[in-house]
Amino acid sequence: MEVLIVGAGIAGLSAAIGLGRSGHRVTIVEAAKGLIPVGAGIQMPPNATKVFRDWGILDAVKAFATVPQEVCFRAYRDGSVLHRHRLSPDTQDKFGSPHLQIHRRQLIEVLYKTAIEAGAAVRFGCLVQHVEHGPTKTTVLVVGGESFQADMIVAGDGERSVLRSLLLGKPNAPVPTGTLVYRLNLDPQVVLDDPELSKELKLPIMCSWLGPDAHAVVYNLDYNDMVTVAITCPDPEKGRVQLGPRGASVEEVKTVMAGWDPILLKLLDVATDVRFWTLLQLPEENRVWRLGRTILIGDAAHSMTPYIAQGASQSIEDGAFLGYLFPGDATVEDIEPRLKQFCDRRQARTLRVRAKAREVGAVFQMADGAEQEARDERMRQGELTDNFPNPFADPYLQSWLYTYDVKTDAEEAMAATRKA
23 MEVLIVGAGI AGLSAAIGLG RSGHRVTIVE AAKGLIPVGA GIQMPPNATK
73 VFRDWGILDA VKAFATVPQE VCFRAYRDGS VLHRHRLSPD TQDKFGSPHL
123 QIHRRQLIEV LYKTAIEAGA AVRFGCLVQH VEHGPTKTTV LVVGGESFQA
173 DMIVAGDGER SVLRSLLLGK PNAPVPTGTL VYRLNLDPQV VLDDPELSKE
223 LKLPIMCSWL GPDAHAVVYN LDYNDMVTVA ITCPDPEKGR VQLGPRGASV
273 EEVKTVMAGW DPILLKLLDV ATDVRFWTLL QLPEENRVWR LGRTILIGDA
323 AHSMTPYIAQ GASQSIEDGA FLGYLFPGDA TVEDIEPRLK QFCDRRQART
373 LRVRAKAREV GAVFQMADGA EQEARDERMR QGELTDNFPN PFADPYLQSW
423 LYTYDVKTDA EEAMAATRKA
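Per the numbering used here, residue 23 is the first one in the sequence shown, and the count goes up by one each step.
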């Protein structure tokens, strides 16, 4: 089959790897002039790294990644430890694949190289303008007049997807959540050289502070020689849409975080790069992922809040699912019934993940009071029961999130279409 993928981000490249490995002819069109290193570090939980393992690229990803030894949660005022949970080697031992931290730039580079090796052709500078669904082929027209034809179109063009609006026949922009993210980078040597910081923040680490309406996360990226602080808090300019990272000042962030743990504020003081953006989400009623032989994947279909580190992971699962759903013997006649199965199964999973992410965000950002005190006491007691406030230690969450087998799910979907 000939497959056209729109977007060379994590979702699009993952789909190119999955479908290319299955033997299909894959072309990617990307609006940007080249690979753009947007963003900073991202978490790769074991459900994502299991896909890398199955693709044979886990070692390539690990070469650029950090393996956090533990995740630590602290009270926002005094920094007292609420809960510690060991990630390494426990995650590897329990789920057969590690939890990693990696810069988005390096992850994109590994995925891009792998997609090319799987046979994908990539065309940069191609902004999609129109899609025409024909009886046998779908035609995609890009700005400048060039057109591409394919048996199947995979739209992985992100949260602000052009294809989503074209598929729906009307504008479908994501809406503001009212939440702002500040990202600050600093030199890890500053942490190591400071007796107080090095004692409290032993690298490699992932550490979070939980506070009313806000929380902060600190993690390090060894390959990039970087420590990153990410702070999620209410946006004072409600309804604002800041699409990409924009510069901010340390003083602005410190004003927002006034009264928080002195250790966290000390980290802010030594930051060398400060940026912010607004969190967006797709309208809840957005359930249309498919039109004929065109399918939405990744953030174009199911963007989500970051509280359980699953946005990129679900995009990777989407790409892997498509590869297993369309093995080399798949034909054009298989496309529509199998894409329907894709929607049914991937919507069920991603809706559950999105809901859990929102739930965890609310737990992280509880207002001071009895409910917050009960949360903190439960974390201090450390009994790992279902819906434990630390999602990286919650046995119930792990039981369905990390043990998911994307290949088995896709093969069951394929079998269901054959029975039908």
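Using N, Cα and C, we set each Cβ at its ideal position, and we do this for glycine too.
Could you tell me how far apart the beta carbons of residue i and residue j are, in whole angstroms, since I believe they sit closer than 8 Å?
{"i": "residue 166", "j": "residue 37", "result": "Contact doesn't hold; Cβ gap of about 24 Å is too wide."}
{"i": "residue 48", "j": "residue 150", "result": "About 16 Å separates the two Cβ atoms, so there is no contact after all."}
{"i": "residue 297", "j": "residue 268", "result": "6 Å"}
{"i": "residue 270", "j": "residue 204", "result": "6 Å"}
{"i": "residue 312", "j": "residue 361", "result": "5 Å"}
{"i": "residue 119", "j": "residue 71", "result": "4 Å"}
Measure the alpha-carbon distance for residue i versus residue j and round it to whole angstroms.
{"i": "residue 291", "j": "residue 272", "result": "7 Å"}
{"i": "residue 259", "j": "residue 61", "result": "22 Å"}
{"i": "residue 55", "j": "residue 284", "result": "43 Å"}
{"i": "residue 303", "j": "residue 319", "result": "15 Å"}
{"i": "residue 337", "j": "residue 180", "result": "10 Å"}
{"i": "residue 87", "j": "residue 341", "result": "21 Å"}
{"i": "residue 93", "j": "residue 404", "result": "13 Å"}
{"i": "residue 25", "j": "residue 339", "result": "18 Å"}
{"i": "residue 252", "j": "residue 425", "result": "28 Å"}
{"i": "residue 257", "j": "residue 281", "result": "18 Å"}
{"i": "residue 201", "j": "residue 183", "result": "21 Å"}
{"i": "residue 136", "j": "residue 189", "result": "29 Å"}
{"i": "residue 168", "j": "residue 161", "result": "10 Å"}
{"i": "residue 223", "j": "residue 323", "result": "37 Å"}
{"i": "residue 331", "j": "residue 108", "result": "17 Å"}
{"i": "residue 352", "j": "residue 85", "result": "35 Å"}
{"i": "residue 350", "j": "residue 80", "result": "24 Å"}
{"i": "residue 254", "j": "residue 102", "result": "20 Å"}
{"i": "residue 402", "j": "residue 75", "result": "35 Å"}
What do you reckon, is the C-beta of residue i under 7 Å from a heavy atom of the ligand HEM?
{"i": "residue 246", "result": "This structure simply doesn't include the ligand HEM, nor any ligand for that matter."}
Checking 8 Å against the spacing of the C-beta atoms, do residue i and residue j come in under that value?
{"i": "residue 266", "j": "residue 299", "result": "yes"}
{"i": "residue 33", "j": "residue 321", "result": "yes"}
{"i": "residue 125", "j": "residue 63", "result": "yes"}
{"i": "residue 219", "j": "residue 288", "result": "yes"}
{"i": "residue 173", "j": "residue 357", "result": "yes"}
{"i": "residue 325", "j": "residue 67", "result": "no"}
{"i": "residue 412", "j": "residue 95", "result": "yes"}
{"i": "residue 344", "j": "residue 40", "result": "yes"}
{"i": "residue 354", "j": "residue 185", "result": "no"}
{"i": "residue 249", "j": "residue 240", "result": "yes"}
Could I get the ranges of all uninterrupted alpha helix (DSSP H) runs contained in the stretch 199-260, with 4 residues as the minimum, in chain order?
Counting only unbroken stretches of 4 or more residues, the alpha helix (DSSP H) elements lying wholly within the stretch 199-260 are 210-215, 217-222, in sequence order.
Should the stretch 427-442 be called in touch with the stretch 353-369, which here means at least 3 C-beta pairs below 8 Å?
Under the 8 Å Cβ criterion, the stretch 427-442 counts as touching the stretch 353-369, having at least three qualifying pairs.
Run through the stretch 272-355 for me and flag every whole alpha helix (DSSP H) of 4 or more residues, listed as ranges in chain order.
DSSP runs (the alpha helix (DSSP H)) wholly in the stretch 272-355: 272-278, 284-291, 321-324, 333-347.
Is the stretch 379-388 touching the stretch 223-234, taking contact as three or more C-beta pairs under 8 Å?
Result yes; three or more Cβ-Cβ pairs closer than 8 Å.
Run through the stretch 25-55 for me and flag every whole beta strand (DSSP E) of 3 or more residues, listed as ranges in chain order.
If we require 3 residues or more, the beta strand (DSSP E) runs fully inside the stretch 25-55 come out as 47-52.
Output the residue ranges of the beta strand (DSSP E) runs that lie fully inside the stretch 72-138 and measure 3 residues or longer, sorted by chain position.
Here the runs fully enclosed are 92-97, 103-108, 122-125.
Below 8 Å, how does it come out for the stretch 130-149 and the stretch 90-104: are there three or more Cβ pairs, yes or no?
The answer is no - the stretch 90-104 does not touch the stretch 130-149, with fewer than three Cβ pairs under 8 Å.
If you scan the stretch 159-203 from start to end, which runs of the beta strand (DSSP E) of 3 or more residues do you find wholly inside it?
As far as the stretch 159-203 is concerned, its whole beta strand (DSSP E) runs of at least 3 residues are 160-164, 169-172, 174-177.
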